[in-house]
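Structure record follows, encoded as structure tokens.
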Amino acid sequence: MNKKVLRRKVLQDFGATASETYELLQYNENVFLSLGTVNHLSIPLPDEPFVAAWEKYALEAKSQGVYATLRENLVQLQFPIQEGISTTEGYKAVVNAGGELTQGEVGLCLEKPELLELIIHPSSAGKIPLIITRHRNDFVSLVRALTMKNEPKPIPDSMGAQMISGYNNWGRIKDYRRMWGSKEGKWSEGDWQQEFQRLIPQKELYQDRFIILSNGFYSAVQASELRLSPEEWREASLVIRREHECTHYFTRRVFSSMRNNLLDELIADYMGITGAMGTYRASWFLRFIGLEEFPLHKAGGRINLYRGTPPLSDGAFEILKILVKASAETLESFHMRFQEKINRPGGRVKMLLALAQLTLEELAFCDGELSLKKLMRLSIK
1 MNKKVLRRKV LQDFGATASE TYELLQYNEN VFLSLGTVNH LSIPLPDEPF VAAWEKYALE
61 AKSQGVYATL RENLVQLQFP IQEGISTTEG YKAVVNAGGE LTQGEVGLCL EKPELLELII
121 HPSSAGKIPL IITRHRNDFV SLVRALTMKN EPKPIPDSMG AQMISGYNNW GRIKDYRRMW
181 GSKEGKWSEG DWQQEFQRLI PQKELYQDRF IILSNGFYSA VQASELRLSP EEWREASLVI
241 RREHECTHYF TRRVFSSMRN NLLDELIADY MGITGAMGTY RASWFLRFIG LEEFPLHKAG
301 GRINLYRGTP PLSDGAFEIL KILVKASAET LESFHMRFQE KINRPGGRVK MLLALAQLTL
361 EELAFCDGEL SLKKLMRLSI K
């Protein structure tokens, strides 16, 4: 059966009207690249250029401490969280233009800097720097500093991880300037400005990607809801977040896509749950997104963040909830049947690649497990 015909049939079987079917066909369109481009991937992928600088930071952190190292290299940490600070001349000169810090400037104050960790994590998509804090207020401060221009904007309680992409690393720019200057011999400020303009389009030479993680309860779900101790759940939450964000990193590098979409979240949470627990539990995923009382959904549940732009109509959203639940149940059944194979080296990456070729309609379909089984035959070196 043609893919689009099948998808339409599944939606109609689940009760979607013609207009709701149209909405969901658009929302659930798989934007990942074709399977042919990933059929012979070599895993892990090669490291991106920024990794070398962060490996140096991790080495420095062993002798001078994590926070001191990060503060020296991430200029936003040299400023406090303060309303309006991003509009000040001193802030703009340092953060936007790479200028020198004004003497006496108060930096970012963390409550428990000793709990900060800097790890270069070997993910399937290549190494990725992780900044880990086990103190909630410090996580909030770091996210505000590095993604909100040090402004005290609100951060939802359910948020416990943040991937930073396209971070302009002035330390790498200054290193580039030193190397360029040593080759040039005599040069003027005007010469550097010309070279800087040539550097700007080469973003791989100065832009970084890294992840901030906390060990707070994942999706604000309490340990008692999962019959775990608080300590067990905090450690599992950290792994789920790490694997979830690394999955987004993988799809960004391999498929050139990283969206606020429920298929992406289903895949990322699958990788997170299996990475932390060794198995997959659909009930956990449904609880994480706010569907534990299906067909009802939590008013503040994560599922509300993935309604699309423009948002799905109420009717289409109800069908989407049915699709998501059925897809999660397909995943659980498939994982239980093939858990030994999936848990072999490379198995979880094969599963990720297989899931990336499907839509929610195909996963929710009665033959969803068969589709996954066929796609798991990917050849990965």
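1 is the number of the first residue of the sequence shown in UniProt numbering; add one for each residue after it.
Ideal placement from N, C-alpha and C gives every residue a C-beta, glycine not left out.
Here the alpha carbons of Q26 and T133 stand approximately 39 Å from one another.
The region 212 to 226 and the region 51 to 64 do not touch, with fewer than 3 CB-CB distances between them shorter than 8 Å.
Collapsing the DSSP output to three states places F210 in a strand.
Annotated three-state conformation of E48 is coil, per DSSP. Inclusion of D269 and F288 in the CB contact set at 8 Å is warranted, their separation being smaller than that value.
Every unbroken stretch of the alpha helix (DSSP H) spanning 4 or more residues and falling wholly within the region 188 to 271 is given here in chain order: 189 to 199, 230 to 255. Annotation for S124: I43, P44, F250, V349 place their beta carbon closer than 6 Å to its own, counting only its chain and skipping 5 residues before and after. Counting every other CB atom within 10 Å of its CB across the protein chains shown gives L370 a total below 16, marking it as exposed. Annotation: K374 is outside any beta strand (DSSP E); the continuous alpha helix (DSSP H) that includes it extends over 368 to 375. Judged by DSSP in its simplified three-state form, Y167 adopts strand. E329: member of the alpha helix (DSSP H) spanning 314 to 342, first to last residue. P113 sits in a helix when the DSSP states are folded into three classes.
For H335, the closest alpha carbon among the candidates N260, Y306, A299, L372 is that of L372.
R209 is the residue among I322, R209, E83 whose C-alpha sits nearest the C-alpha of R252.
In this structure, N28 sits near L360, with a CB-CB distance shorter than 8 Å.
A distance below 6 Å between beta-carbons, with the five flanking residues on each side excluded, links N169 to the following residues of its chain, in chain order: Y206, D208.
Taking each of I303, Y280, Q197 in turn and checking the Cα distance to F338, the smallest one comes out for Y280.
Between G107 and F139 a beta carbon distance of about 17 Å is seen, past the 8 Å cut, so the two are scored as non-contacting. Beta-bridge annotation (DSSP): H121 is paired with I128. The C-alpha of R234 is placed about 26 Å away from the C-alpha of A68. Q357 sits in coil when the DSSP states are folded into three classes, being neither helix nor strand.
Judged by DSSP in its simplified three-state form, A161 adopts strand.
DSSP links T133 through a beta bridge to S214.
In this structure, A145 lies near Q76, with their beta-carbon atoms less than 8 Å apart. Around the beta carbon of G15, fewer than 16 other beta carbons sit within 10 angstroms, so the residue counts as exposed. An exposed status is given to R377, since fewer than 16 other beta-carbon atoms sit within 10 Å of its beta-carbon. With fewer than 16 other beta carbons inside 10 angstroms of its own, I200 counts as exposed.
Here DSSP, grouped into helix, strand and coil, assigns Y280 to coil. By the Cβ test, the region 307 to 325 is in contact with the region 5 to 23, since at least three Cβ pairs between them sit closer than 8 Å.
CA-to-CA, the gap between L238 and T87 works out to about 35 Å.
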